[in-house]
Structures are given as C-alpha cells and as structure tokens.
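Student: Can you read through this structure? Questions will come right after.
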Amino acid sequence: MKNDLLKKQETLYGNLNFATEIKKDNIGIIKHFIASEKEAYENNFQGQFYPSYHYEINRVMSTKMLKISDEDIYLAFYYQLKLGNIYKPLEKHYSLFLKAVAHNIEDNDLENTFLTADILYLLFGIKNNENSDSIYDVLYNDYVDLLKFTGLCNSYTTYPNLRKKHARFSPFLNNKILVNRIKNGFDYYFKSSFLTAGSLLLLLLDTNTESKTVLLDLHNSNLKNTDVWFLGSFYMDFKKTEANKQLLKDLYSKYPKEWIDEYQKTNWDL
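Structure, rendered in structure tokens:
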C-alpha cells in the first residue's frame with residue numbers, strides 16, 4: 011500500500027498540466043501540501059508535493075493567506091515544522107504557529123521529524139518535550155529575535171568562518187533571554203553543530219564569569235575527543251582575555267594534549 015500511495019503522489023505531482031495549474035492556485039497549493047504530508051506521515055514515506063513545490067509553498071505562507079482557513083494555516087505550519095522548516099510567521103498567524111509547534115512537541119516522534127531538540131530549546135526553552143504549554147508564553151518579538159540568532163548560526167558552512175565573523179554575534183549579548191537560555195542549557199544541546207558554535211561564541215565573548223563557569227563545568231562531563239577538539243579550536247581563537255586563557259588551560263589539564271592540538275576526525279560508525 012505504501013508503494014502504491016507513493017507512486018500515486020509521484021504521478022500526480024509530476025504531471026506537467028498539474029504543475030501549470032497549481033502554481034496559480036494559492037489555496038490548492040496549501041491543501042495539496044497538507045494532504046500529501048498527512049498521507050506520507052501516516053504511511054511512513056516522504057510526501058511528493060513538497061520537493062517539487064516548496065518554493066510555491068513558501069511563497070504562499072509568506073503572504074497574509076486571507077483566503078486560507080485558520081485550520082489549514084495551522085496544519086501547513088505543522089507539516090513544515092516536521093520537515094525542519096522554522097518560520098518567521100506574520101504576527102497575525104503567530105498563535106497558529108505556536109499551536110503547530112506544541113503539536114509537534116506532543117507528538118514526541120523524533121524519528122519522523124526534522125525538528126531538533128536544540129532548536130526547540132533555543133527558540134522556546136523546551137527540554138525533553140517537557141512543559142510544551144510554556145511555548146505560549148514566548149512573545150512574538152522575542153521569538154523573532156531568537157530566530158535571528160539561530161538563522162545567523164546556520165548561515166555558516168565552516169566553524170573558522172563563523173569565528174572570523176564573531177562581530178556579527180556580539181549584538182546578541184544584549185539579548186538576556188538568549189544568553190540566559192544558553193547558560194542554563196548549553197550542556198543539554200552541546201554537540202558539534204552551528205547552533206552550538208554560535209552559542210559557544212557568545213559564552214566566549216561574554217565577560218560575565220557565569221558564562222565561563224558553564225564551560226568549566228562542561229569540561230568535567232567526560233567529553234569525547236571530537237568534543238574536546240571542537241571546544242579547543244574555539245578557545246584558541248579567543249584566548250586574548252585572561253578568562254578564556256584559563257578555559258584553554260583547564261581543558262589541557264583534563265584531556266590529552268593531542269585531542270586539542272590535532273584535528274579529531276568523527277567516527278560516524280559509532
């Protein structure tokens with residue numbers, strides 16, 4: 011049945027006549043997206059409408075969607091989030107967007123979603139799918155500011171370039187919600203990723219001793235060699251301050267020197 015449904019979607023959405031007509035139909039674009047993803051999610055395959063029409067979907071969802079029902083707007087956000095697409099919705103749609111986020115959290119289905127734990131924590135303060143109702147306390151402007159940070163982090167493709175552009179991150183030190191969230195949860199989402207890299211950058215740029223304590227505590231958590239190299243590569247580039255020098259010194263005191271000085275290749279088979 012799964013293969014039959016997949017083939018049916020491929021045939022429909024690959025039809026040139028369908029493609030010509032659907033691009034003129036904003037309501038149809040959203041309805042086909044929802045129907046395709048719902049069927050795919052229930053039968054464990056990738057919906058075939060999104061790969062071919064994601065530009066059209068994004069175009070429609072960036073508008074006021076005046077002729078589209080609230081239910082369809084909510085479901086469109088819900089399935090976009092499952093695909094890992096984090097939006098800046100119009101403020102008028104923010105409550106529907108939050109409802110879609112809450113539904114994704116309540117699904118507790120990490121194997122079938124690209125919505126990651128680190129993005130949920132940084133944007134909404136949610137850990138381990140707990141207290142999903144608290145997302146409704148996140149104000150729209152605060153969400154937009156946090157989204158700017160995550161967007162900046164993920165705009166880079168290499169860590170050296172991210173570190174080189176550290177001045178672009180400095181303004182976020184004034185965002186108390188973000189800085190406190192990083193301090194309180196860095197160990198929760200710490201891994202080699204650009205969200206972690208941007209967060210680490212703020213901890214190193216911050217002159218507050220609490221930020222350094224977060225990292226010193228992390229050193230005591232039996233880190234892997236790749237994690238140690240990741241931290242050390244950042245410490246090396248930001249050791250101009252005494253506090254950051256002490257971070258590097260502490261890392262050397264707890265882990266083999268070669269883990270810090272020599273690139274540690276990730277073993278993807280583990």
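The sequence shown maps to residues 11 to 280 in my numbering.
By construction, the Cβ of each residue, glycine as well, lies at the ideal position given by its N, Cα and C atoms.
(1) In three-state DSSP terms, what is Asn-118?
(2) Let me know the alpha helix (DSSP H) ranges lying completely inside the region 146 to 226, each 4 residues or longer, listed in chain order.
(3) Is it buried or exposed for Leu-280, if we count other Cβ within 10 angstroms and need 16 for buried?
(4) Smallest Cα separation from Lys-92: which of Leu-228, His-103 and Lys-48?
(5) State yes or no: is the C-beta of Thr-160 within less than 9 Å of the C-beta of Leu-133?
(6) Pro-266: which of His-103, Lys-158 and Lys-234 sits nearest, CA to CA?
(7) Closest by CA to Lys-41, which one among Ser-79, Asn-54 and Ala-112?
(8) Met-71: buried (16+ other C-beta within 10 angstroms of its C-beta) or exposed?
(9) Looking only at C-alpha atoms, which of Pro-181, Lys-18 and Glu-66 sits nearest to Lys-34?
(10) Using a Cβ-Cβ cut-off of 7 Å (strictly less than) and excluding sequence neighbours within five positions of Ser-142, which residues of its own chain qualify?
(11) Can you tell me where the alpha helix (DSSP H) with Gly-94 in it begins and where it stops?
(12) Work out the CA separation of Phe-179 and Thr-217 for me, nearest whole Å.
(13) Identify whether Leu-125 lies in helix, strand or coil by the three-state DSSP scheme.
(14) What would DSSP say about Tyr-104, mapped onto helix, strand or coil?
(15) Three-state secondary structure (DSSP) at Lys-18?
(16) Which word fits Thr-219, buried or exposed, when buried means at least 16 other C-beta atoms lie within 10 angstroms of its C-beta?
(17) Roughly how far, in whole angstroms, is the beta-carbon of Gly-38 from the beta-carbon of Ser-46, given that I think they are within contact range, below 8 Å?
(18) Please classify Asp-237 as buried or exposed, where buried requires at least 16 neighbouring CB atoms within 10 angstroms.
(19) Below 8 Å, how does it come out for the region 175 to 194 and the region 203 to 218: are there three or more Cβ pairs, yes or no?
(20) Tell me the DSSP secondary structure of Tyr-265 in three-state form.
(21) What's the C-alpha gap between Asn-151 and Thr-126?
(22) Let me know if Ser-144 comes out buried or exposed under the rule of 16 or more other beta-carbons within 10 Å of its beta-carbon.
(23) Any idea if Gly-94 is buried or exposed, counting beta-carbon neighbours within 10 angstroms, 16 or more meaning buried?
(24) For Asp-260, tell me which candidate among Ala-29, Leu-76, Ile-192 and Asn-230 has the shortest Cα-Cα distance.
Tutor: With the given structure in hand:
(1) coil
(2) 150 to 163, 169 to 174, 186 to 199 and 204 to 215
(3) Residue placement at Leu-280 is poorly supported in this model, since its pLDDT is 47, which falls under 50; the coordinates still yield a value, given next. So Leu-280 ends up on the exposed side.
(4) Lys-48
(5) yes
(6) Lys-234
(7) Ser-79
(8) buried
(9) Glu-66
(10) Ala-112, Ile-115, Glu-116 and Ile-136
(11) Run containing Gly-94: none; DSSP gives neither H nor E here.
(12) 14 Å
(13) coil
(14) helix
(15) helix
(16) exposed
(17) 12 Å between Cβ atoms; not a contact.
(18) buried
(19) yes
(20) coil
(21) 22 Å
(22) exposed
(23) exposed
(24) Asn-230
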